[in-house]
Every structure is written in structure tokens, then in C-alpha cells.
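**Student:** Sharing a structure, written as C-alpha cells. Questions coming.
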Amino acid sequence: MKRLRIDWANLFLLLIAIALAALSWSKGGSSLTLAGLLNGLQTLISVIPLLIAAFLIAGFTQVLIPPEVIEKWLGAGSGWRGFFIASLAGGLIPGGPYVYYPIAGGLLKAGAGIGVLVSFISAKNLWSISRLPFEFALLGPRLTLIRYALTFLVPPLLGALAELIFGRYARRIREAVQ
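Under the working numbering, the first residue of the sequence shown carries the number 9, and numbering increases by one thereafter.
In C-alpha cells:
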């Protein structure tokens, strides 16, 4: 008989939602609780198209790119080449976490290395090209270029460090997200 596996992250988030619903009920009754539910529903409706697109991209990535190619270019043995490719992809990919986390999850399932995924996610958060116009306009070109120059090597270095420390747990990490 298969043992029931509890997804602790989902359970934790559900408990937080229940606690916040109870708090809103105690502060403002049913009207405040309903307002919170409606706000949450509006947010869900607004991100559904992004979620669908991101999960489709992740799914197509898994079936269109052979595992051998992922392993060669982005696998644990790809080394610095993989860290830099993933960093470049992370910096260039548009969209928020709804987009890049499903893609990262798809790459993980397809055989990408742990360090490569850390490089990808780190670059997305440090180098996001979609932020560049805002940064130039609000902080000026000089500060923007200084920040990009100072953070240029951070994602690949974080990837190398993550691979060194956590690479041996890649199989367990993949199984946990299946």
C-alpha cells in the first residue's frame, strides 16, 4: 500500500491562509473576510494566463529538448559553461516568478544541474533585462552599469557553490518535486 505523502509547503500555506481568514473575521466579520477572498480571487484570475503560459513553456521544454542535450549543456557536469548559459537565460527571460519558477522546475525534471538552476534563478533576480529601463531612468546609467558590473559574476559563482555543496543531493531534490 502506498504511503500518503504530505506536501508540507502546501499545508503550511493553507494554515497561513486559514489563520489570516480567521484574523480578518475577528477584525471585520464576514465583510472583511469576503473582501480578502475577492482580492485573492482577482489576483488568481489576473495571473492565470501567465501561469498557463509558463507551465506550457516548461512542459514543451521537457518534451522538445532531449534529456541528453539538457544534460550536456545544463547538467551537473556542464560546469562553468552551464552556469553562464543559465545565467544568461535567467537575465533575459521576461516575466515574474510565475514564469521562471515553472521553467526552472521543468529544467530540473529534465536533468539540469542544481548549480545551473541556482545560476538561472539568481541571474533572473539580479540581472533581469526587463528592469533595465526602469533602473536607467530612476538610478541613472552610471549606477545601473556599476550594479550590473558588480553583480556580473554572482549568479555563476552561486551556481558553482550550490553545485559543490548540494549537487550530490540532485536525485533527492528531483524526487521531491516530482
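All residues carry an ideal CB built from backbone N, CA and C; glycine is no exception.
#1: Return the CA-CA distance between residue 18 and residue 68, expressed in angstroms with no decimal places.
#2: Is residue 74 helix, strand or coil when you go by DSSP?
#3: Going by Cα to Cα distance, which pick from 76, 118, 158, 103 is closest to residue 186?
#4: On a Cα-Cα basis, can you pick out the residue from 64, 85, 96, 123 that is closest to residue 110?
#5: So the candidates are 104, 39, 124; which of them puts its Cα closest to the Cα of residue 2?
#6: Rounded to whole angstroms, what's the CA-CA distance from residue 126 to residue 148? Just pull it up for me.
#7: Helix, strand or coil: how does DSSP classify residue 14 here?
#8: Around the Cβ of residue 76, are there at least 16 other Cβ atoms within 10 angstroms (buried) or fewer (exposed)?
#9: Do you know how far the Cα of residue 79 is from the Cα of residue 182?
#10: Alpha carbons only, please: which of 107, 62, 22, 140 is nearest the one belonging to residue 154?
#11: Taking three-plus beta-carbon pairs below 8 Å as touching, is the segment 86-95 in contact with the segment 39-57?
#12: Under the three-state reduction of DSSP, which class applies to residue 20: helix, strand or coil?
#13: Considering only the beta carbon of each residue, do residue 114 and residue 83 sit closer than 7 Å?
#14: Among residues of its own chain, excluding the 5 on either side of residue 70, which ones have a beta-carbon nearer than 7 Å to its beta-carbon?
#15: When you compare only the Cα positions, how much space is there between residue 98 and residue 37?
#16: What three-state label does DSSP hand residue 160 in the structure shown?
#17: Is DSSP giving residue 57 helix, strand or coil here?
**Tutor:** Taking the structure as given:
#1: 26 Å
#2: Residue 74: coil per DSSP, three-state reduction.
#3: 118
#4: 64
#5: What the structure shows of the chain is the stretch from 9 to 186, and residue 2 is not part of that stretch, so it cannot be assessed.
#6: Answer to the nearest angstrom: the Cα atoms are 29 Å apart.
#7: coil
#8: In the assembly as shown, residue 76 is an exposed residue. Its beta-carbon has fewer than 16 other beta-carbons within 10 Å.
#9: 14 Å
#10: 140
#11: Touching, no, given that fewer than three Cβ pairs across the two stretches are closer than 8 Å.
#12: helix
#13: no
#14: 114, 117, 118
#15: 44 Å
#16: coil
#17: Helix, per DSSP.
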